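Q: Sharing a structure with you now.
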Amino acid sequence: FPIFPMALYVAHLSCSTLAMGKIGKGTGSFGKRHNKSHTLCRRCGRRSYHIQKATCGACGYPSARKRNYNWSVKAIGRRTTGTGRMRYLKTLPRRFKNGFREGSEAVSKKRAAAE
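Converting from the sequence shown to the working numbering requires adding 301 to each position, the first position being numbered 1.
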């Protein structure tokens, strides 16, 4: 029985390929992956900016509208208002309660009770 087809197949493979493991898309193939298709996005900062397409897969840059879909409610919640510092917004309720007063000092509650 001729067994040469498999023998020829193994013979034409280099030693390094055989050492890597089976020919497939698994562990052995991960060593060959060294080209980056995505780089950092200048709008969202994630490594989702596709270099050839020139668009970000996470935020949709350079589109003017930010990318978000209702089929992924959790993803919207991860980057909505309240997930960051909210430098301006976090003081609004307190300022609203006091009528947005500025440039004056609040009357102390002790002094107000004494009068």
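Beta carbons: idealized from backbone N, C-alpha and C, even for Gly. All values reported here derive from a predicted model rather than from experimental measurement.
My parser needs the alpha helix (DSSP H) runs of 4 or more residues fully inside the segment 351 to 406; what are they?
A: Counting only runs of 4 or more, we get 374 to 379 and 393 to 398.
Q: From Gly-400 to Thr-382, what distance separates their C-alpha atoms?
A: For the purposes of this step, residue 400 is identified with residue 99 of the sequence shown, where counting begins at 1. For the purposes of this step, residue 382 is identified with residue 81 of the sequence shown, where counting begins at 1. Answer to the nearest angstrom: the Cα atoms are 24 Å apart.
Q: Expressed to the nearest angstrom, what Euclidean distance is found between the alpha-carbon atoms of Ser-349 and Thr-392?
A: Here residue 349 refers to the residue found at position 48 when the sequence shown is read from its first residue. Here residue 392 refers to the residue found at position 91 when the sequence shown is read from its first residue. Going by the C-alpha atoms only, they are around 33 Å apart.
Q: Which word fits Ala-359, buried or exposed, when buried means at least 16 other C-beta atoms lie within 10 angstroms of its C-beta?
A: For this step, residue 359 is matched to residue 58 along the sequence shown. Counting Cβ neighbours within 10 Å, Ala-359 comes out buried, since at least 16 surround it.
Q: Could you tell me which residues DSSP pairs with His-339 in its beta bridges?
A: Start at 1 with the first residue of the sequence shown, and residue 339 comes out as number 38. Per DSSP, His-351.
Q: Using beta-carbon positions only, say whether Tyr-370 and Cys-342 come within less than 8 Å of one another.
A: As a first step, residue 370 is located in the sequence shown; it is residue number 69 there, counting from the start. As a first step, residue 342 is located in the sequence shown; it is residue number 41 there, counting from the start. Against a cut-off of 8 Å, the Cβ pair of Cys-342 and Tyr-370 comes out as no contact.
Q: At what residues does the alpha helix (DSSP H) containing Ser-409 begin and finish?
A: As a first step, residue 409 is located in the sequence shown; it is residue number 108 there, counting from the start. Counting along the chain, Ser-409 falls outside any alpha helix (DSSP H), and DSSP gives it neither H nor E.
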